[in-house]
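Peer 1: Structure provided below as structure tokens; questions to follow.
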Amino acid sequence: MIFTSDTAEALRAAVALVNSAEQPDTLETLDDYEGFLAEYPYTGRLDRDAAELRSLRDLRPRLRGMLLAPRDEMVAHVNAALADVTLTPRLTRHDAADWHLHAVADDHPLAERILVETAMALIDVIRADEGSRLDVCADADCQAIALDLSRNRSKRYCSTTCANRNAVAAYRARRASL
């Protein structure tokens, strides 16, 4: 395992949130938001209203900048995110998750908690010098983020859809050159 489970989950959730902005936008309605929460459950305060949805949508560009920044710039993004909130770090465990760190109180707005969780996860990325595990999808027509948590660093695409599209194109190109 490259990162602890809470770090990997925070990265997955942040990447999914950022990628929801790609066309077609998959975080436009409260039903979309409920689907995001079903896949990436968060503890603590959840308003589940239009204002909270809007705050998540507004957070996406900032998270994208954090996730794709070169290492030294990533540090600046992380420090800025941590300076923007009142931190109340504590170890906790809940549901199926073993002991892990929550850096802000559970009653803080969800967008703020996601921002801080992402910053905390990126601390691990920075310290391990593993920023290359976050990159833009290798599909020429896609700008989504690809998160590579594989052992052999083989993930290049953001989704199975992009990977399959490129595999089919490569196959067709090989067949055409015969």
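Positions in the sequence shown are counted from 1; adding 8 to them yields this note's numbering. The beta carbon of each residue, even a glycine, is placed where N, CA and C say it ideally should be. Values in this document were obtained by computation on a predicted structure and should not be read as measured data.
#1: Return the CA-CA distance between Glu120 and Arg180, expressed in angstroms with no decimal places.
#2: Would you mind sorting Asn27 into buried or exposed? The rule is 16 or more other CB atoms within 10 Å of its CB.
#3: Is the beta carbon of Pro117 less than 8 Å from the beta carbon of Ser63?
#4: Hey, quick one: how far does the beta strand (DSSP E) through Val144 stretch, first residue to last?
#5: Pick from Asp80, His85 and Asp66: whose alpha carbon is nearest that of Gly73?
#6: Going by C-alpha distance, which of Val112, Arg56, Ala29 and Leu61 is nearest Leu99?
#7: Specify, as a first and last residue, the run of the alpha helix (DSSP H) that Ala186 falls within.
#8: If we count Cβ pairs, one from each stretch, closer than 8 Å, do we get three or more for the stretch 80 to 95 versus the stretch 29 to 39?
#9: How close, in whole Å, do the beta carbons of Ile134 and Leu25 come, if the pair is a contact with beta carbons under 8 Å?
#10: Taking the alpha carbon of Asp137 as the point to measure from, which residue in Pro69, Val83 and Asp57 has its own alpha carbon closest?
#11: Over what stretch of residues does the alpha helix (DSSP H) that includes Leu75 continue unbroken?
#12: For His85, name the three-state secondary structure that DSSP assigns.
#13: Contact between the stretch 158 to 174 and the stretch 138 to 147: three or more CB pairs below 8 Å?
Peer 2: On the basis of the supplied data:
#1: 46 Å
#2: Buried, since its Cβ has 16 or more Cβ neighbours within 10 Å.
#3: yes
#4: Leu142 to Val144
#5: His85
#6: Closest option to Leu99, Cα to Cα, is Val112.
#7: The amino acid occupying residue 186 in the given sequence is Leu; Ala does not appear at that position. Note, Leu186: premise wrong, no alpha helix (DSSP H); not H, not E.
#8: Too few Cβ pairs lie closer than 8 Å, so no.
#9: The pair is not a contact, with the Cβ atoms about 20 Å apart (cut-off 8 Å).
#10: Nearest C-alpha to Asp137: Val83.
#11: Ala58 to Leu76
#12: helix
#13: yes
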